[in-house]
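Step one of this worksheet: look at the structure below.
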Amino acid sequence: MNTQEHAISHVHRDDIASRMGMWLFLFTELLLFGGMFFLYAVYRYMNAEAFHIAAKELNTLIGCFNTAILLTSSLTMALSIIAIQKDNRKLSIFFQLLTIVFALGFMINKYFEWTTKIHHGIFPGADVLLSRDSGEILFFGLYYVMTGLHGLHVIIGAVLIGVMTRLTAKGIINKDSFVKLEAAGLYWHLVDIIWIFLFPLFYLIT
Amino acid sequence: MHKDETHQHMHSYGIFILVWLGLLTLTGLTVAVAGINFGALTIATALTIAAIKSYLVLSIFMHLRIEQKVFRIFLVVALFFFIISIVLLFSDYSFK
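Residue numbers (this note's numbering), protein chains in the order written: chain A, 1 to 206; chain B, 1001 to 1096.
In structure tokens, the structure reads:
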């Protein structure tokens, strides 16, 4: 990393500011998801019983599996940055591709999870769901919005990492300049942290 | 502009694997204790474990431990206002 800082004397670049910019963006993400967590907290407080009943219908096994996938993808992302720091471009690309594979795995699980729910008539506006207690309707509404927005972040993250892989292959991201990869990594880890909270709040409140 | 002290302790592969194992263990723990009913403490336990996991991700995976101090200050300020918001929200709803 030291060489990265020294490069500033040759090329006008400020990696610390770049990372700080990324962090500031992540704080706006905190506001976006934070608002939804507030909503969840208040509705759960007012409909505790219904939330417990509704949560029983979520597949804890898929939830656990997806948690493990996402945590592992965070690991491979972090390792890809170490690899590029150690000037091992091929290993870095391998780890980045592995991260994308995990992201796809997560989304495939999510797809099966959602389609099963929709098949059972549990989706916003469905008659089956609307005939239930209002607390359960709220639970599933929040479930779809929050895991949906999170899923969208997973897709954006995977695309972003894909772009980074291309830049690494081209040599634009290299041992001396990898702040772009770091920023993509920060985004990916944020997605992981959000899931760390979503998982117990939706899957484990039975 | 020498910032040698900032990244002096570049992480090795080992610590990441270790943190990853820790995160998986904590996930197992949170699933295991979810079945036990601690009453009001159940949600507190789940959130505490989630907070520990987030701390690990933030400090190691997101390099906050080896970043400049100003990054940590930023995060603390952001979280401070986040917590203030939720405390005020619940102080409102609890007395309705």
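By construction, the Cβ of each residue, glycine as well, lies at the ideal position given by its N, Cα and C atoms.
Cross-chain neighbours of residue i in chain B, by beta carbon under 9 Å
| i | result |
| --- | --- |
| W114 (chain A) | Per Cβ cutoff of 9 Å: no residues; W114 (chain A) is ~21 Å from chain B at best. |
| D120 (chain A) | Note that residue 120 (chain A) corresponds to His in the displayed sequence, not to Asp. Here the premise fails: no neighbours, minimum Cβ distance about 23 Å. |
| L75 (chain A) | F1016, I1017, V1019, W1020, L1023 and F1061 |
| Y45 (chain A) | F1090, Y1093 and S1094 |
Within chain A, partners of residue i - CB distance below 7 Å
| i | result |
| --- | --- |
| K1053 (chain B) | I196 |
| L1023 (chain B) | L71 |
| A1046 (chain B) | P200 and L204 |
| F1082 (chain B) | L30 and G34 |
Partners in chain B for residue i, counting only beta-carbon separations shorter than 8 Å
| i | result |
| --- | --- |
| T67 (chain A) | T1027 |
| H52 (chain A) | Here the premise fails: no neighbours, minimum Cβ distance about 10 Å. |
| M20 (chain A) | V1070, F1071 and F1074 |
| D186 (chain A) | According to the sequence shown, residue 186 (chain A) is Leu rather than Asp. M1062, listed in chain order. |
Cβ-Cβ distance between residue i and residue j below 8 Å
| i | j | result |
| --- | --- | --- |
| A1034 (chain B) | A1046 (chain B) | yes |
| F1061 (chain B) | V1087 (chain B) | no |
| L1026 (chain B) | I1043 (chain B) | no |
| G63 (chain A) | F197 (chain A) | no |
| E55 (chain A) | T206 (chain A) | It is Ala, not Glu, that sits at residue 55 (chain A) in the sequence shown. Result yes, Cβ atoms of A55 (chain A) and T206 (chain A) sit closer than 8 Å. |
| L1089 (chain B) | F37 (chain A) | no |
| I82 (chain A) | T168 (chain A) | no |
| M77 (chain A) | I155 (chain A) | no |
| L1029 (chain B) | A68 (chain A) | no |
| T115 (chain A) | L204 (chain A) | no |
| T165 (chain A) | Q85 (chain A) | no |
| L1056 (chain B) | G1022 (chain B) | yes |
| L79 (chain A) | F1082 (chain B) | no |
| V163 (chain A) | D15 (chain A) | no |
| V151 (chain A) | K90 (chain A) | Reading the sequence as shown, one finds Gly at residue 151 (chain A) and not Val. For G151 (chain A) and K90 (chain A), no; Cβs fall outside 8 Å. |
| R1072 (chain B) | L1064 (chain B) | yes |
| Y144 (chain A) | F112 (chain A) | no |
| F202 (chain A) | L58 (chain A) | yes |
| A50 (chain A) | D133 (chain A) | yes |
Which residues DSSP lists as bridging residue i, in chain order
| i | result |
| --- | --- |
| N174 (chain A) | A:S177 |
Listed by chain order, chain A residues near residue i by CB distance under 9 Å
| i | result |
| --- | --- |
| I1086 (chain B) | G34, F37, F38 and A41 |
Chain B contact residues for residue i, given Cβ-Cβ distances below 7 Å
| i | result |
| --- | --- |
| D192 (chain A) | V1057 |
| A78 (chain A) | F1016 and F1061 |
| F27 (chain A) | A1078 |
| H189 (chain A) | V1057, F1061 and M1062 |
Proximal residues of chain A, C-beta to C-beta of residue i below 8 Å
| i | result |
| --- | --- |
| V1103 (chain B) | Since the first and last residues shown for chain B are 1001 and 1096, residue 1103 (chain B) lies out of range. |
| L1041 (chain B) | Those within 8 Å of L1041 (chain B) in chain A number zero; the least Cβ separation is about 13 Å. |
- Query: Are there three or more Cβ pairs, one per stretch, closer than 8 Å when the region 126-145 of chain A is compared with the region 155-175 of chain A?
  - Reply: Verdict: no, contact absent.
- Message: Closer than 8 Å is the cut-off here; do at least three beta carbon pairs connect the region 95-106 of chain A with the region 11-23 of chain A?
- Response: The answer is no - the region 11-23 of chain A does not touch the region 95-106 of chain A, with fewer than three Cβ pairs under 8 Å.
- Given 8 Å as the limit, is there contact between the region 181-188 of chain A and the region 40-48 of chain A, that is, 3 or more CB pairs closer than that? No: fewer than three Cβ pairs fall under 8 Å.
- Task: Assess, as a yes-or-no matter, whether the region 190-203 of chain A is touched by the region 60-76 of chain A under the definition of 3 or more beta carbon pairs within less than 8 Å.
- Result: These segments touch.
- Message: Please give the ranges of any alpha helix (DSSP H) in the region 133-175 of chain A, keeping only runs that are unbroken, at least 4 residues long and fully inside the region.
- Response: Runs found: 134-170.
- Which residue spans inside the region 176-206 of chain A form an unbroken beta strand (DSSP E) run of at least 3? For the region 176-206 of chain A, not a single whole beta strand (DSSP E) run of length 3 or above is found.
- Which ranges does the alpha helix (DSSP H) cover as unbroken runs of at least 4 residues, wholly within the region 52-88 of chain A, from first to last along the chain? Counting only runs of at least 4 residues, the region 52-88 of chain A fully encloses the following alpha helix (DSSP H) elements, listed from N- to C-terminal order: 60-85.
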